[in-house]
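Read the structure below first, then the notes.
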Amino acid sequence: MCDKKVNRDEFLIQDLYHPDEVVSVYSHVDRMVTLGCMPVKEHVSIEKGIDCWKNFGTHYFLERREIGIFNIGGAGSITADGVEYHLGYKDCLYITKGTKEVIFSSDSEEAPAKFYMVSAPAHTSYETKLITLKDAAKRPLGDANTSNP
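Just so it is clear: in the sequence shown, position 89 is 675 by the working numbering, and no numbers are missing.
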């Protein structure tokens, strides 16, 4: 049986954000990749610091993967194969398998975007889709008074 410390040591990801870098953590559990990007002064490619051929056997990151991206910082943009998507706080973007170029930028150096991403292998392509917080289907669940501490 696993306790809290074992789970924390196994799954906690720290230091996911560094200015103008992409930080990635690969997990053999479902071949998931968790990434963080905080563009401050530069436009940052999703492949910055990642050797796609060495790590995934692909020519580009999303050749056989899809990705969900959440903005947990200031306003910013993601350009996917030439199409720009503007993301505010808590907006998210799904980018489909086969997208060759993904570039991140922030609207402000003082309040940079912080993009939290999770990528998994994909076998089918779907439409790239922006979901804003105001357009999200909200389903409040649970109650703080009855939740686990």
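Even for Gly, the Cβ is constructed at its ideal location relative to N, Cα and C.
Check, Outcome
"Own chain residues within Cβ distance below 7 angstroms of residue 708, not counting five before or after", "650, 651, 652, 683"
"Among 672, 664, 607, 613, the one whose alpha carbon lies nearest that of residue 718", "672"
"Straight-line Cα distance separating residue 687 from residue 711", "15 angstroms"
"Cβ-Cβ distance between residue 723 and residue 693 below 8 angstroms", "no"
"Simplified DSSP state of residue 592, which is helix, strand or coil", "helix"
"C-beta atoms of residue 666 and residue 714 nearer than 8 angstroms", "yes"
"Pairwise C-alpha distance: residue 646 and residue 637", "9 angstroms"
"C-alpha distance - residue 725 paired with residue 668, whole-angstrom precision", "33 angstroms"
"C-beta atoms of residue 621 and residue 705 nearer than 8 angstroms", "yes"
"Contacting residues, own chain, Cβ-Cβ under 8 angstroms from residue 641 (five flanking each side not counted)", "612"
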